[in-house]
Amino acid sequence: MNLGLSKRLISGIGVLAAITVLAQATLAAPVGPALDRAALMVRAPQNVALVDMELAGSRIVAVGERGVIIISDDQGASWRQVPVPVSTELTALSFVDERRGWAVGHSGVVLATQDGGETWTKQLDGHQTAQLMLEAAKRSGNERALKEAEWMVADGPDKPFLDVLFQDARHGMLIGAYGLAFATEDGGETWFPITDRFDNPGALHLYALATRGDEIVVAAEQGLVLRSVDAGKSFQALSVPYEGSFFTAALPPTGEIIVAGLRGNALQSRDGGASWTALKAPRNVSANFNSSAVDDAGSVWLANAAGMVFKLNGNRLEMIKSRLRPLNDLLFLENGAALGLSLSGVVPLPVMAQGAKQ
2 MNLGLSKRLI SGIGVLAAIT VLAQATLAAP VGPALDRAAL MVRAPQNVAL VDMELAGSRI
62 VAVGERGVII ISDDQGASWR QVPVPVSTEL TALSFVDERR GWAVGHSGVV LATQDGGETW
122 TKQLDGHQTA QLMLEAAKRS GNERALKEAE WMVADGPDKP FLDVLFQDAR HGMLIGAYGL
182 AFATEDGGET WFPITDRFDN PGALHLYALA TRGDEIVVAA EQGLVLRSVD AGKSFQALSV
242 PYEGSFFTAA LPPTGEIIVA GLRGNALQSR DGGASWTALK APRNVSANFN SSAVDDAGSV
302 WLANAAGMVF KLNGNRLEMI KSRLRPLNDL LFLENGAALG LSLSGVVPLP VMAQGAKQ
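Residue numbers for the sequence shown follow my numbering, so the first one is 2 and each next one is one higher.
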């Protein structure tokens, strides 16, 4: 069982099984103890399965399997692991400045830091999310919502959060499997369900968030793409000419929306999602797109499960690197280089910014 798989690698007809298996196991341990057991300190944490990374000021923070969180203060040249109070897989990060950040993952866990990732505290877990959904459903009087919440409580804390976005130190949003969505208005001191904000009646998995000002786009299962233009107060489903899952989204400063995912499909809209153009990749590129990034120049980059990295040029994807380990995430650094994350750790990409082919 590969517990390093990220939200962006869960795809195809096995999506439900993959999420369920991964959510229920951490080294074959029950979910409950994983929520209560601190992450194991490992000898070479930069070589474990890592899923997501973010900048906290100039510091790089990365998360991955079994609750591992690592930090680098030298642009990725060296790494050290920090203590974490849980050992569930962590899937995503969001920092609002050099000190304040949040991490989310399996078993409905939400962690927070106030010191740039040195220490972490648990703000939320799957037990609490289920109870919060049940309480909200009872207040609403919605019979369907009540049944779903009762199922969540009975099923236990095995539903993963797959992405997190904080717009400032107080306002944040979480998305995950089965349409899970929560928000906070006080920096995570309290959380409340916001599934009613999403045009997602099928409770499809919500994989990735991208933001640009008050605009937020969600890449989701079965061709679902959701867009908000009011900082997340409401989301509308966009009409997209593809029914496969999207695992990543990018919103460059030039105004386009880019979504990418299953079987090498990537689409671009220049009019807020009213119409779409399929991005043209080199022949025989059919691996899933797992991640995307926007560099300091506003260029969009995509990475796929075949170890290829592409740069968007107009409506074409130009292959910049190949024969890499499959990448779960891309991050551009202050020095013009980039880093990738894989199931076997950190992948330095020193010539990415120059676009040199490898």
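Every residue gets a Cβ at the ideal spot worked out from N, C-alpha and C, and that includes glycine.
Nearest neighbour of L205 by Cα position, chosen from V219, W192, R213, turns out to be V219. For L133, same chain residues with a beta-carbon under 8 Å away, outside a window of 5 residues either side, are F183, W192, F193, P194 in chain order.
Excluding the 5 residues flanking it on each side, A338 has same chain C-beta neighbours closer than 6 Å at P351, in chain order. Sequence-distant Cβ neighbours of A131 in its own chain, meaning closer than 6 Å and more than five residues away, are M153, V154. In the displayed model, V154 falls within a helix according to three-state DSSP.
Apart from sequence neighbours up to five positions away, the residues of its chain that approach P283 with a beta-carbon distance below 7 Å are M320, ordered along the chain. For G262, the closest alpha carbon among the candidates G256, A251, T255 is that of A251. Around the beta carbon of A39, fewer than 16 other beta carbons sit within 10 angstroms, so the residue counts as exposed.
For S343, the enclosing beta strand (DSSP E) stretches over residues 339-343.
DSSP, read as helix, strand or coil, puts Y208 in strand.
The continuous beta strand (DSSP E) containing T185 extends over residues 182-185. Judged by DSSP in its simplified three-state form, D200 adopts coil rather than helix or strand. As for any alpha helix (DSSP H) of minimum length 4 sitting wholly inside the region 27-104, the runs are 32-37, ordered along the chain. The criterion of a C-beta distance shorter than 8 Å is satisfied by V64 and I70. Linking E335 to A57 through their CA atoms gives a straight-line distance of about 12 Å. In the structure shown, L133 falls within a helical segment according to DSSP collapsed to helix, strand and coil.
For S270, the enclosing beta strand (DSSP E) starts and ends at 267-270.
The Cβ-Cβ distance between V347 and W80 falls below 8 Å. One thing to note: R60 has its Cβ within 8 Å of the Cβ of G118. In chain order, G299 place their CB closer than 6 Å to the CB of P254, counting only its own chain and leaving out the 5 sequence neighbours on each side. Looking at the DSSP output, G346 bridges to S343.
Counting only runs of 3+ residues, the beta strand (DSSP E) found wholly inside the region 277-339 occupies 290-295, 301-305, 310-314, 317-322, 330-333, in chain order. Here the alpha carbon of H107 sits roughly 32 Å from the alpha carbon of L313.
Per DSSP, F236 lies in no beta strand (DSSP E) and is assigned neither H nor E. In this chain, S246 is not harboured by any beta strand (DSSP E), its DSSP state being neither H nor E.
Fewer than three Cβ pairs drawn from the region 158-171 and the region 138-147 lie within less than 8 Å of each other, which leaves the two stretches out of contact.
A distance of 8 Å or more separates the beta carbons of P84 and K123. Around the Cβ of K322, a 10 Å sphere holds 16 or more other Cβ atoms; the residue is buried. Contact between N289 and A306 holds: CB atoms are separated by about 5 Å, below the 8 Å threshold. DSSP lists L112 as the bridge partner or partners of K123. Rounded to the nearest angstrom, the Cβ distance from L227 to Q237 is 7 Å, consistent with a contact under 8 Å. Each residue's CA atom was taken as its position, placing S345 and I217 some 31 Å apart.
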